[in-house]
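**Student:** Just dropping this structure here.
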Amino acid sequence: MKKQLFYIGKFLGFFTSVFTCVIVASSIFILKYSNPYLPLGLVVQAGIIAAAAALLNFIYHSERPISKRSMTIRTLVHFVLLLSAVTGCAVCFRWFQFGNNGAALTFFGLFIAVYAVLWTANFMRDIMDEKMMNCRLREYQARLK
Amino acid sequence: MKITIEESLAVEEPEVVLRCRELDAPLRRVIAAVRLANGKLIGKWETESHVIDAEEVYYFESVDNKVFMCTENQVYETALRLYEIEARFEGTDFFRASKSVIANLARIAGFQAAFNGRFEARMQNGEKVVISRQYVPVLKQKLGIKERKI
Numbered sequence: 001m002k003k004q005l006f007y008i009g010k011f012l013g014f015f016t017s018v019f020t021c022v023i024v025a026s027s028i029f030i031l032k033y034s035n036p037y038l039p040l041g042l043v044v045q046a047g048i049i050a051a052a053a054a055l056l057n058f059i060y061h062s063e064r065p066i067s068k069r070s071m072t073i074r075t076l077v078h079f080v081l082l083l084s085a086v087t088g089c090a091v092c093f094r095w096f097q098f099g100n101n102g103a104a105l106t107f108f109g110l111f112i113a114v115y116a117v118l119w120t121a122n123f124m125r126d127i128m129d130e131k132m133m134n135c136r137l138r139e140y141q142a143r144l145k
Numbered sequence: 001m002k003i004t005i006e007e008s009l010a011v012e013e014p015e016v017v018l019r020c021r022e023l024d025a026p027l028r029r030v031i032a033a034v035r036l037a038n039g040k041l042i043g044k045w046e047t048e049s050h051v052i053d054a055e056e057v058y059y060f061e062s063v064d065n066k067v068f069m070c071t072e073n074q075v076y077e078t079a080l081r082l083y084e085i086e087a088r089f090e091g092t093d094f095f096r097a098s099k100s101v102i103a104n105l106a107r108i109a110g111f112q113a114a115f116n117g118r119f120e121a122r123m124q125n126g127e128k129v130v131i132s133r134q135y136v137p138v139l140k141q142k143l144g145i146k147e148r149k150i
């Protein structure tokens, strides 16, 4: 039960952050290329994309420690699968057609921007955690002496 | 905190008695330190058995249903299971780093961020131990760092 709750918590945490990013990015896209208002259906569509992204995030999950090489491969696989899933959804939702180069480029640009923002945010958080953990480790070990 | 030491030849085995109104965090640390200082482990190396101080262990690792304990430059096999080690050294410097590793915080030289919320612990003997994302919150709590919600 604890394990299931852990997975659900992870899913919901990631769902929320992706949902917010998708809403912001797709709002920019729709305002530029569609009607000057946001359709209610966008919320459902963003929800579907966020759910797909949250599920794909389990690519990083492993019961055993993952090596740096494996993590790099997982990141690449994650990027490709997520890009495919999001592009598929966008085409289904008729956000753009491949004939419209400007729309396609904006779409891929926004996707890469959102991915880069999330990746950088995670990376920066890890770096901050690393600094904090090393600082606390020194304090902890000083107390032991 | 009042400390009383009674030395007597009549005492066969040292005994630590804590008298308190409530078992608070500093007292728990005292218990953990006593437990760790008194922690002896039997480790097998080739055909010989050795008695090892728990404080000397850098980390315990489970490989193919066998549990090994790594000291500065030696690896011993132990009959204990990881969950038994975890229970025995609860509240001490030992913490679960991953499903297969229990590491000694006192023997870590530093942490390094890996990808996606994972960390690597560089041990004082140069070895590296991966800390799974799942166990990072436990480590942070041990170091007194409050976990962020998202």
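One line per chain: the protein sequences are P and A, in this order.
Once you know that position 85 of the first sequence is 85 in our numbering, the rest is easy, because the numbers rise by one and skip nothing.
Once you know that position 123 of the second sequence is 123 in our numbering, the rest is easy, because the numbers rise by one and skip nothing.
Using N, Cα and C, we set each Cβ at its ideal position, and we do this for glycine too.
(1) Just how far apart, CA to CA, sit Ile49 (chain P) and Cys89 (chain P)?
(2) Output the boundary residues of the alpha helix (DSSP H) element that contains Val77 (chain P).
(3) At a Cβ threshold of 8 Å, is Gly144 (chain A) touching chain P?
(4) Against chain P, does Gly117 (chain A) count as a neighbour if the rule is that its beta carbon must be under 8 Å from one of theirs?
(5) Enumerate, from N- to C-terminal direction, the unbroken beta strand (DSSP E) stretches of 3 or more residues contained entirely within the stretch 60-118 of chain A.
(6) Quick one: is Leu82 (chain P) buried, meaning 16 or more other Cβ sit within 10 Å of its Cβ, or exposed?
(7) So Ala54 (chain P) and Val86 (chain P) are in contact, right, with Cβ under 8 Å, and what is the actual spacing, rounded?
(8) Have a look at the DSSP bridge pairing and note the partners of Ser49 (chain A).
(9) Ordered along the chain, which non-local residues of its own chain (more than five positions away) have a Cβ less than 6 Å from that of Cys70 (chain A)?
(10) Quick check on Glu7 (chain A) - is its C-beta less than 8 Å from some C-beta in chain P?
(11) Report buried or exposed for Arg107 (chain P), applying the criterion of at least 16 other Cβ atoms within 10 angstroms of its Cβ.
(12) How about Leu144 (chain P): is its C-beta nearer than 8 Å to some C-beta of chain A?
(13) With distances taken Cα to Cα, identify the nearest neighbour of Tyr83 (chain A) among A:Val30, A:Ser98 and A:Val129.
(14) If contacts are defined as beta-carbon pairs under 8 Å, then Ser26 (chain P) and Leu42 (chain P) qualify, I think. What distance do you get, rounded to the angstrom?
(15) Can you tell which of P:Leu144, P:Glu130 and P:Arg143 has the C-alpha that lies nearest to the C-alpha of Cys139 (chain A)?
(16) Around the C-beta of Ser8 (chain A), are 16 or more other C-beta atoms found within 10 angstroms, so that it is buried, or is it exposed?
(17) Anything in chain C within Cβ reach of Ile108 (chain A), meaning under 7 Å, just list it in chain order.
(18) For Tyr140 (chain P), go through chain A and note every residue whose CB falls closer than 7 Å to its CB, in chain order.
(19) Counting only beta-carbon separations shorter than 8 Å, does Lys140 (chain A) have a partner in chain P?
(20) Looking at the secondary structure, which residues open and close the beta strand (DSSP E) in which Lys128 (chain A) lies?
(21) Alpha carbon to alpha carbon, what distance is there between Asn65 (chain A) and Gly109 (chain P)?
(22) Using three-state DSSP, classify Met132 (chain P) as helix, strand or coil.
(23) Under the assumption that Ile142 (chain A) contacts Leu105 (chain A) (Cβ atoms under 8 Å), give the Cβ distance between them as a whole number of angstroms.
(24) Would you tell me roughly how many angstroms separate the C-alpha atoms of His50 (chain A) and Arg125 (chain P), rounded to the nearest one?
(25) For Trp95 (chain P), count neighbouring C-beta atoms within 10 Å of its own C-beta (all shown protein chains included) and say buried if the count is 16 or more, exposed if not.
(26) Pull up the CB-CB distance for Glu90 (chain A) and Ile102 (chain A), whole angstroms please, since I reckon it's below 8 Å.
(27) With a threshold of 8 Å between beta carbons, is Met132 (chain P) in contact with chain A?
(28) In chain P, what lies closer than 7 Å to Ile112 (chain A) by C-beta?
(29) Please determine, among A:Ala79, A:Ala109 and A:Ile42, the residue with the shortest C-alpha to C-alpha distance to Val63 (chain A).
(30) Determine the direct distance from the alpha carbon of Glu139 (chain P) to that of Glu120 (chain A), and round the result to whole angstroms.
**Tutor:** In short:
(1) One alpha carbon belongs to Ile49 (chain P), the other to Cys89 (chain P), and they sit about 7 Å apart.
(2) Looking at the DSSP string, the run of the alpha helix (DSSP H) that includes Val77 (chain P) is Lys68 to Cys92.
(3) At least one chain P Cβ lies under 8 Å of Gly144 (chain A).
(4) So yes, Gly117 (chain A) belongs to the interface.
(5) If only uninterrupted beta strand (DSSP E) runs of at least 3 residues are considered, those enclosed by the stretch 60-118 of chain A are 66-70, 75-78, 94-98, 101-104 and 108-113.
(6) That one is buried.
(7) Approximately 12 Å separates the beta-carbon atoms of Ala54 (chain P) and Val86 (chain P); this is outside 8 Å, ruling out the contact.
(8) Looking at the DSSP output, Ser49 (chain A) bridges to A:Lys44.
(9) Same-chain partners within the cutoff: Tyr58 and Tyr59.
(10) No, Glu7 (chain A) lies away from the interface with chain P (no Cβ there is under 8 Å from its Cβ).
(11) Position check: residue 107 (chain P) holds Phe in this sequence, whereas Arg was assumed. By the C-beta density criterion, Phe107 (chain P) is buried, having at least 16 other C-beta atoms within 10 angstroms.
(12) Answer yes: the Cβ-Cβ gap between Leu144 (chain P) and chain A drops below 8 Å somewhere.
(13) Out of A:Val30, A:Ser98 and A:Val129, the CA that lies nearest to the CA of Tyr83 (chain A) is found in A:Ser98.
(14) The C-beta distance from Ser26 (chain P) to Leu42 (chain P) rounds to 6 Å, short enough to meet the 8 Å contact threshold.
(15) For the sequence presented, residue 139 (chain A) should be read as Leu rather than Cys. Of P:Leu144, P:Glu130 and P:Arg143, the residue nearest in Cα terms is P:Glu130.
(16) So Ser8 (chain A) ends up on the exposed side.
(17) Included in the structure are the protein chains P and A, with no chain C among them.
(18) Within chain A, the residues near Tyr140 (chain P) are Leu105 and Leu143.
(19) Lys140 (chain A) counts as touching chain P.
(20) Lys128 to Ile131 is the span of the beta strand (DSSP E), which, as asked, contains Lys128 (chain A).
(21) Answer to the nearest angstrom: the Cα atoms are 49 Å apart.
(22) In this structure, Met132 (chain P) counts as helix in the three-state DSSP scheme.
(23) The residue you asked about is not Ile; residue 142 (chain A) is Lys in the sequence shown. In this structure Lys142 (chain A) is in contact with Leu105 (chain A), their Cβ atoms being roughly 7 Å apart against a cut-off of 8 Å.
(24) The alpha-carbon of His50 (chain A) is positioned some 43 Å away from that of Arg125 (chain P).
(25) Trp95 (chain P) should be labelled buried.
(26) At roughly 11 Å, the Cβ-Cβ gap does not stay under 8 Å, so Glu90 (chain A) and Ile102 (chain A) are not in contact.
(27) Taking a beta-carbon distance threshold of 8 Å, Met132 (chain P) counts as an interface residue toward chain A.
(28) Rather than Ile, the amino acid found at residue 112 (chain A) in this sequence is Gln. Within chain P, the residues near Gln112 (chain A) are Glu130.
(29) For Val63 (chain A), the nearest C-alpha among the options comes from A:Ala79.
(30) If you take the alpha carbons of Glu120 (chain A) and Glu139 (chain P), they lie about 19 Å apart.
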